[in-house]
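Q:
Number of protein chains: 2
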Amino acid sequence: MEDVAKLAGVSMKSVSNVIHNYTHVSVGMRTRVQQAIDELGYRPNVLGRRLVTGRTGMLTLAFSDVSLPYFSELARVVSSEAGRRGYRLLLEQTDGTLEGERAVVSSSESGLVDGVIFQPSIMSTIEIAQHRQDDPLVLLGEGAAPLSVDHVMIDNTRAAEDATSHLISSGRRRIGFVGQEDIKQSATSSQRLIGYQQALERAGIRVDSSLLMASHAISSQDAAVAVSRALDRGVKFDGLVCRDDLAAIGALRALQERGLSVPGDVAVIGWDNIAMAACTYPSLSTVAPDTKQLAVVALDMLEERIAGYAGLGRHRLVDYALVLRESAP
Amino acid sequence: MEDVAKLAGVSMKSVSNVIHNYTHVSVGMRTRVQQAIDELGYRPNVLGRRLVTGRTGMLTLAFSDVSLPYFSELARVVSSEAGRRGYRLLLEQTDGTLEGERAVVSSSESGLVDGVIFQPSIMSTIEIAQHRQDDPLVLLGEGAAPLSVDHVMIDNTRAAEDATSHLISSGRRRIGFVGQEDIKQSATSSQRLIGYQQALERAGIRVDSSLLMASHAISSQDAAVAVSRALDRGVKFDGLVCRDDLAAIGALRALQERGLSVPGDVAVIGWDNIAMAACTYPSLSTVAPDTKQLAVVALDMLEERIAGYAGLGRHRLVDYALVLRESAP
DNA sequence: AATCAGACTTACAGCGCTGTAAATTTTTCC
DNA sequence: GGAAAAATTTACAGCGCTGTAAGTCTGATT
Numbered sequence: 016m017e018d019v020a021k022l023a024g025v026s027m028k029s030v031s032n033v034i035h036n037y038t039h040v041s042v043g044m045r046t047r048v049q050q051a052i053d054e055l056g057y058r059p060n061v062l063g064r065r066l067v068t069g070r071t072g073m074l075t076l077a078f079s080d081v082s083l084p085y086f087s088e089l090a091r092v093v094s095s096e097a098g099r100r101g102y103r104l105l106l107e108q109t110d111g112t113l114e115g116e117r118a119v120v121s122s123s124e125s126g127l128v129d130g131v132i133f134q135p136s137i138m139s140t141i142e143i144a145q146h147r148q149d150d151p152l153v154l155l156g157e158g159a160a161p162l163s164v165d166h167v168m169i170d171n172t173r174a175a176e177d178a179t180s181h182l183i184s185s186g187r188r189r190i191g192f193v194g195q196e197d198i199k200q201s202a203t204s205s206q207r208l209i210g211y212q213q214a215l216e217r218a219g220i221r222v223d224s225s226l227l228m229a230s231h232a233i234s235s236q237d238a239a240v241a242v243s244r245a246l247d248r249g250v251k252f253d254g255l256v257c258r259d260d261l262a263a264i265g266a267l268r269a270l271q272e273r274g275l276s277v278p279g280d281v282a283v284i285g286w287d288n289i290a291m292a293a294c295t296y297p298s299l300s301t302v303a304p305d306t307k308q309l310a311v312v313a314l315d316m317l318e319e320r321i322a323g324y325a326g327l328g329r330h331r332l333v334d335y336a337l338v339l340r341e342s343a344p
Numbered sequence: 016m017e018d019v020a021k022l023a024g025v026s027m028k029s030v031s032n033v034i035h036n037y038t039h040v041s042v043g044m045r046t047r048v049q050q051a052i053d054e055l056g057y058r059p060n061v062l063g064r065r066l067v068t069g070r071t072g073m074l075t076l077a078f079s080d081v082s083l084p085y086f087s088e089l090a091r092v093v094s095s096e097a098g099r100r101g102y103r104l105l106l107e108q109t110d111g112t113l114e115g116e117r118a119v120v121s122s123s124e125s126g127l128v129d130g131v132i133f134q135p136s137i138m139s140t141i142e143i144a145q146h147r148q149d150d151p152l153v154l155l156g157e158g159a160a161p162l163s164v165d166h167v168m169i170d171n172t173r174a175a176e177d178a179t180s181h182l183i184s185s186g187r188r189r190i191g192f193v194g195q196e197d198i199k200q201s202a203t204s205s206q207r208l209i210g211y212q213q214a215l216e217r218a219g220i221r222v223d224s225s226l227l228m229a230s231h232a233i234s235s236q237d238a239a240v241a242v243s244r245a246l247d248r249g250v251k252f253d254g255l256v257c258r259d260d261l262a263a264i265g266a267l268r269a270l271q272e273r274g275l276s277v278p279g280d281v282a283v284i285g286w287d288n289i290a291m292a293a294c295t296y297p298s299l300s301t302v303a304p305d306t307k308q309l310a311v312v313a314l315d316m317l318e319e320r321i322a323g324y325a326g327l328g329r330h331r332l333v334d335y336a337l338v339l340r341e342s343a344p
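Each protein sequence line maps, in turn, to chains P and F. For what it's worth, the working numbering labels the leading residue of the first sequence as 16, then goes sequentially. For what it's worth, the working numbering labels the leading residue of the second sequence as 16, then goes sequentially.
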């Protein structure tokens, strides 16, 4: 930068002004400096700027695993929306480990990013509250969030109730639930299970625990195994509410392997509305969270925090819709 | 940091030494400083460090769209491997636009990241060579790469040949190709098409252009439409080589909608071995690039560049395997 | 012509940290 | 016991940039 200033015969600050096209810069100055920049191939170094401004223009987006379609599609939406606001996105994967999640909430270094958007998998409210630094933070997802932290989610219980009621209203009576974790259930799964049970109870259908088909991990494969096992045990059902679309896709496969027809014999409803849901055969009915709105609300709140807002945690719900396709029309 | 130094009664440099646990630090010093750090809740600011070291510890991973399963799974692998080496990953999406790709190759600012891993979609060798700054860069994927830039890929042509030959050897004779772009074909698609044609020719099968089912975009939906249209036109085929697993999944759907059996009537083979490929019904045979190796090789080369290696571009091939599942056993 | 507001430009300090080289302390060796 | 070697610690400069306050210059106003 000094070289540019020298070549243009002006001060470094003027070069800076030109780069940031500050209002009060004469045309002569602008062209002269630009010429020097071009001639020297000068590229401003963001490190210096960041040190003095204290801002990095970067946000962390953290969750367990980008390769899960819901998260990769979320990453796309958040990245676009963040880009529109002038932020770049740092991707952080926790692999669903406590260690990984702690690292997100209590990084030992400061100044890495301006804020963090984090969807915890297993960390509890208390742990988050205990470990967190006072960097701007917005939580995503279903875990009950600490009072002091902003939080965005959809109403999982109600959505699960809607999905289940939809199956009930299409005449299904023996409705199973597929894909919740078998060992330590995530908050996501619990809330969806609660909604599922509420819908059944409200319809006067007895909840039957043999219809709960837990999966070892969040994956189609494990869900397929779970459904297969249930079928092996002779469990009968005519509808399946799935924890997510991956589980639903696994369920589809397990059913089709047995020659069961979907939705003829069994109606299936998924969750997340991942892109693939439209292209399975049969295509998947699913709960579609409004991820665009999710990203917008989360970034709005995060930017307010970055700007200095220091009030208590705000908790926002975003919309969802039941998208009806072939698997549960 | 100054406060910590003052409280511990030592110099700032000693605090720095403790933080980076430099070898020659006495135990007394270490505990005294650590105590001061804990007492003040001090967190070193990376901005200062970066400015003086000139290193950011971050890499950009750039491609068109994280929500495409191949890319999200690649991102996961690269992120893990980069993490192991002490780098964080900045995600950059180009949306497959020239504008977006230019921004990756010729960022107007320096110091943002230590290096870039980039899978171009449409930028040509020449454009890349013209626009690129001299930041460390490794290219991924099939486009012919500029001589001066490092590059990793699998041998697409040969893999496509293998995949096609596999169908031929299982007795298929009318083999289509699904999912290449209909307007401007990417290098990826062209190479795969070439391999497909070579395999046919070598087997003495005439290439029939009515068996080429181009897709509007890289998606299952568009591939399904392409296959449906071909079926509408009365095109007959008993095998499909798909540009990628998304196209294959679309093809599966189109075939199943018509009541065609896979692999009975038509064998289908995909590409990428995305996680979903194991859970479709029937599950997908597919070309599986060794993405782990891809990530390792790319990061090895990038780290060499970061360390100052300035030789000509190196071009490396990584392994792939034909994973045979139900759709083309 | 003197004055002055406004437009434009600059000098300078300092953001938070680490590399360097030099200073200090401790240990080792005759 | 004293010199040399090794271990530990320190002072200081400066990474590249921008905020601030203090200029300089223009044209307009009285």
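Every residue, glycine too, gets a C-beta built ideally from N, C-alpha and C. Quick caveat: nothing in here was measured; it's all calculated off a predicted structure.
Below 8 Å on the Cβ atoms is my guess for L317(F) versus M168(F); work out the distance and round it to an integer in Å.
A: The residue given as residue 317(F) occupies position 302 in the second sequence. The residue given as residue 168(F) occupies position 153 in the second sequence. Actually they do not touch by this definition, with Cβ atoms about 15 Å apart.
Q: Is it a yes or a no for the region 289 to 307 of chain F touching the region 254 to 271 of chain F, going by three-plus beta-carbon pairs under 8 Å?
A: In short, these stretches touch, since the Cβ pair count reaches three.
Q: Could you work out which residue in L127(F), G156(F), E341(F) is closest to L89(F) when comparing CA atoms only?
A: For the purposes of this step, residue 89(F) is identified with residue 74 of the second sequence, where counting begins at 1. Nearest option by C-alpha distance: G156(F).
Q: For S163(F), I'd like the list of residues in its chain whose CB is within less than 7 Å of its CB, leaving aside the five on either flank, ordered along the chain.
A: Counting from 1 along the second sequence, the entry for residue 163(F) is found at position 148. Answer for S163(F): A144, L327, G328, listed in chain order.
Q: Starting from the C-beta of Y324(P), find all residues in its chain whose C-beta is less than 8 Å away, skip the five residues before and the five after it, and write them out in chain order.
A: Start at 1 with the first residue of the first sequence, and residue 324(P) comes out as number 309. If we look at Y324(P) and ignore the five residues flanking it on each side, it has no Cβ neighbours.
Q: If we count the other Cβ atoms within 10 Å of its Cβ and call it buried at 16 or more, is D110(F) buried or exposed?
A: If you number the second sequence from 1, residue 110(F) lands on position 95. D110(F) is exposed by the Cβ-count criterion.
Q: Which residue marks the beginning of the alpha helix (DSSP H) containing Y211(F), and which one marks its end?
A: Taking the second sequence and counting its residues from 1, one reaches residue 211(F) at position 196. Y211(F) -> alpha helix (DSSP H) spans 202 to 217.
Q: Return the bridge partner residues of F192(P) from the DSSP annotation.
A: Locating residue 192(P) in the first sequence gives position 177, where the first residue counts as 1. L227(P), V256(P).
Q: Show which residues of chain P have a CB atom less than 7 Å away from the CB atom of D80(F).
A: On the second sequence, position 65 is the one that residue 80(F) refers to. Residues of chain P passing the Cβ test: R91.
Q: Name the chain P residues that come within less than 8 Å of V61(F), Cβ to Cβ?
A: Translated into positions along the second sequence, residue 61(F) becomes position 46. Within chain P, the residues near V61(F) are E124, S125, G126, L127.
Q: Are the beta-carbon atoms of I190(F) and V256(F) separated by less than 8 Å?
A: Along the second sequence, read from residue 1 onward, the residue named residue 190(F) stands at position 175. Along the second sequence, read from residue 1 onward, the residue named residue 256(F) stands at position 241. Yes; because the gap between Cβ atoms is below 8 Å, this pair is in contact.
Q: Between R340(P) and chain F, is the shortest Cβ-Cβ distance under 8 Å, so that the two count as touching?
A: Indexing the first sequence from 1 puts residue 340(P) at position 325. Chain F, which has no Cβ nearer than 8 Å to the Cβ of R340(P), makes this no.
Q: Output needed for P161(P): all residues of its chain with C-beta closer than 6 Å, excluding positions within five of it in sequence on either side, in chain order.
A: For the purposes of this step, residue 161(P) is identified with residue 146 of the first sequence, where counting begins at 1. Counting only Cβ-Cβ distances below 6 Å, and skipping sequence neighbours, we find T140, I143, A144.
Q: Between which two residues does the beta strand (DSSP E) holding L355(P) run?
A: Because chain P in this structure spans residues 16 to 344, residue 355(P) falls outside the shown range and cannot be described.
Q: Just checking my contact of S185(P) with A313(P) at CB under 8 Å: how many whole Å lie between their CB atoms?
A: Within the first sequence, residue 185(P) is the residue found at index 170, counting from 1. Within the first sequence, residue 313(P) is the residue found at index 298, counting from 1. With a Cβ gap of about 34 Å, S185(P) and A313(P) do not count as contacting.
Q: Express the C-alpha separation of M138(F) and R248(F) in angstroms, rounding to a whole number.
A: Taking the first residue of the second sequence as 1, we reach residue 248(F) at position 233. Taking the first residue of the second sequence as 1, we reach residue 138(F) at position 123. Near 35 Å, if we compare the C-alpha coordinates of M138(F) and R248(F).
Q: Quick check on the DSSP output: what are the complete beta strand (DSSP E) runs of length 3 or more inside the region 99 to 143 of chain P, in order along the chain?
A: Correct list: 103 to 108, 130 to 133.
Q: Would you call the CB atoms of L74(P) and Y102(P) closer than 8 Å?
A: As a working mapping, residue 74(P) is identified with position 59 in the first sequence. As a working mapping, residue 102(P) is identified with position 87 in the first sequence. Result yes, Cβ atoms of L74(P) and Y102(P) sit closer than 8 Å.
Q: Return the residue from the list Y211(F), H231(F), S230(F), A229(F) that minimises the CA-CA distance to V222(F).
A: Walking along the second sequence from the start, residue 222(F) turns up at place 207. The option with the nearest alpha carbon to V222(F) is Y211(F).
Q: Starting from the Cα of E116(P), find the closest Cα among L104(P), Q134(P), E124(P) and give me that residue.
A: Taking the first sequence and counting its residues from 1, one reaches residue 116(P) at position 101. Here the closest residue by C-alpha is Q134(P).
Q: So, does the CB of Y37(F) fall closer than 8 Å to a CB anywhere in chain P?
A: What you label residue 37(F) is simply residue 22 of the second sequence in a count that begins at 1. No, its Cβ sits nowhere closer than 8 Å to a Cβ of chain P.
Q: Within the same chain, show all residues whose beta-carbon is closer than 6 Å to that of F78(P), passing over the 5 residues directly before and after it, in chain order.
A: The sequence position of residue 78(P) within the first sequence is 63, counting from 1. Result list for F78(P): F86, Q134, in chain order.
Q: Assign V30(F) to one of three DSSP states: helix, strand, or coil.
A: Here the question's residue 30(F) lines up with position 15 in the second sequence. Residue state, collapsed to three classes: helix.
Q: Just the C-alpha distance for D305(P) and V81(F), rounded to the nearest angstrom, thanks.
A: Walking along the first sequence from the start, residue 305(P) turns up at place 290. Walking along the second sequence from the start, residue 81(F) turns up at place 66. Those two C-alpha atoms are separated by around 18 Å.
Q: Would you kindly work out how many angstroms separate the C-alpha atoms of A178(P) and A310(P), rounded to a whole number?
A: Numbered from its first residue, the first sequence carries residue 178(P) at position 163. Numbered from its first residue, the first sequence carries residue 310(P) at position 295. In a straight line, the C-alpha of A178(P) is about 23 Å away from that of A310(P).
Q: At what residues does the alpha helix (DSSP H) containing C179(F) begin and finish?
A: As a first step, residue 179(F) is located in the second sequence; it is residue number 164 there, counting from the start. This sequence places Thr at residue 179(F); Cys is not what is there. Counting along the chain, the alpha helix (DSSP H) containing T179(F) begins and ends at 171 to 184.
Q: Please identify, using Cβ separations under 9 Å, the residues of the region 304 to 322 of chain F that lie next to chain P, in order along the chain.
A: Flagged: no residues at all.
Q: Tell me, please, whether the CB atom of C257(P) is closer than 8 Å to any CB atom in chain F?
A: One-based indexing of the first sequence puts residue 257(P) at position 242. No, C257(P) lies away from the interface with chain F (no Cβ there is under 8 Å from its Cβ).
Q: What in chain P is Cβ-close to E96(F), meaning under 7 Å?
A: What you label residue 96(F) is simply residue 81 of the second sequence in a count that begins at 1. Neighbours of E96(F) on chain P: none; closest Cβ ~12 Å, over 7 Å.
Q: Per DSSP, what kind of secondary structure is Y85(F) in: helix, strand or coil?
A: Taking the first residue of the second sequence as position 1, residue 85(F) is located at position 70. Correct three-state label for Y85(F): helix.
Q: Can you say whether E17(P) is buried or exposed, counting buried as having 16 or more other CB atoms within 10 angstroms of its CB?
A: Translated into positions along the first sequence, residue 17(P) becomes position 2. Classification of E17(P): exposed, given that the 10 Å Cβ count is below 16.
Q: Counting contacts by CB-CB distance shorter than 8 Å, is Y296(F) in contact with chain P?
A: If you number the second sequence from 1, residue 296(F) lands on position 281. Y296(F) counts as touching chain P.
Q: Taking S300(F) as part of the beta strand (DSSP E), name the residues at either end of that continuous run.
A: The residue you call residue 300(F) lines up with position 285 of the second sequence. Start and end: 300 to 304.
Q: With distance defined between alpha-carbon atoms, name the residue in S180(P), S298(P), A23(P), R100(P) nearest to D315(P).
A: Working through the first sequence from its first residue, we reach residue 315(P) at position 300. That would be R100(P), whose Cα lies nearest to the Cα of D315(P).
Q: Could you tell me whether the Cβ atoms of S342(F) and P297(F) are closer together than 8 Å?
A: Position 327 of the second sequence, counting from 1, holds the residue named residue 342(F). Position 282 of the second sequence, counting from 1, holds the residue named residue 297(F). For S342(F) and P297(F), yes; Cβs fall inside 8 Å.
Q: Please state whether the Cβ-Cβ distance between D129(F) and I321(F) is less than 8 Å.
A: Residue 129(F) sits at position 114 when you count from the first residue of the second sequence. Residue 321(F) sits at position 306 when you count from the first residue of the second sequence. Yes, the Cβ-Cβ distance between D129(F) and I321(F) is below 8 Å.
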